[in-house]
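Notes for the one structure printed next.
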Amino acid sequence: MPTEQERRKAQMTAAALSRTEPGARPAGRTAIRSKPVRITLDLSPELYRQLTQWAHSAAIELDVPRVALADAVRAMIKVSTESPDQVIDRLRRDRQLLTRVAARRADWQRGAIETWALAVCETCVKSRMSTR
14 MPTEQERRKA QMTAAALSRT EPGARPAGRT AIRSKPVRIT LDLSPELYRQ LTQWAHSAAI
74 ELDVPRVALA DAVRAMIKVS TESPDQVIDR LRRDRQLLTR VAARRADWQR GAIETWALAV
134 CETCVKSRMS TR
């Protein structure tokens with residue numbers, strides 16, 4: 014008798030093979046997911062602070078005691094799908110900023126290594142001169 018893992022693997026293989034047949038439904042169209050998908054998101058303390066402040070002000074605007082952060086993020090996702098160009102522009106700007114920061118960090122590290130190497134060389138030269 015096959016194990017659960019072997020049975021599941023056989024099901025997935027059969028499903029993949031059925032999609033290669035002519036007229037087969039494309040992958041991802043064979044079943045409709047009914048359970049919500051859980052995601053995890055790591056935020057910087059500053060971004061988290063901004064999100065909680067926004068949710069607090071939204072609660073005041075809506076005249077409710079509290080707006081859950083999950084509800085706020087869901088609403089933001091829905092709005093962003095209506096204005097994808099603004100989201101793409103923001104992603105582009107954020108990536109450019111990260112690239113510049115990484116380049117500066119690399120330059121700083123190179124400079125620190127060069128400074129260290131020069132100090133080591135000077136020490137070597139001084140020690141050689143003192144032994145003569």
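In this note's numbering, the protein residues as written are 14 to 145. C-beta atoms are modelled at their ideal positions from N, C-alpha and C, and glycine is treated no differently. This one's a predicted model, so the numbers in the text were calculated from it and none came from an experiment.
task = Would you mind reading off the limits of the alpha helix (DSSP H) that contains S70?
result = 58 to 75
Margin query: Buried or exposed, going by whether 16 or more other CB atoms sit within 10 Å of the CB of V80?
Written below: buried
- Query: In terms of residue numbering, what span does the alpha helix (DSSP H) encompassing L82 cover?
  - Reply: 82 to 95
- Check whether the Cβ atoms of L64 and A88 lie closer than 9 Å to each other. no
### Message
For Q99 and R106, what's the separation of their Cα atoms in angstroms?
### Response
11 Å
Residues of its chain near Q18, where Cβ-Cβ distance is below 8 Å and the 5 sequence neighbours each way are ignored: none
Cβ separation of P78 and A72, assumed to be a contact under 8 Å, to the nearest whole Å
7 Å
Exercise. Reducing DSSP to helix, strand and coil, say where L54 ends up.
Key: coil
| Helix, strand or coil at R79 [DSSP, three-state] | coil
Problem - Neighbourhood of P15 by C-beta, 8 Å cutoff - its chain only, sequence neighbours within 5 removed - result: A23
Original post:
So what does DSSP say about K22, is it helix, strand or coil?
Top reply: helix
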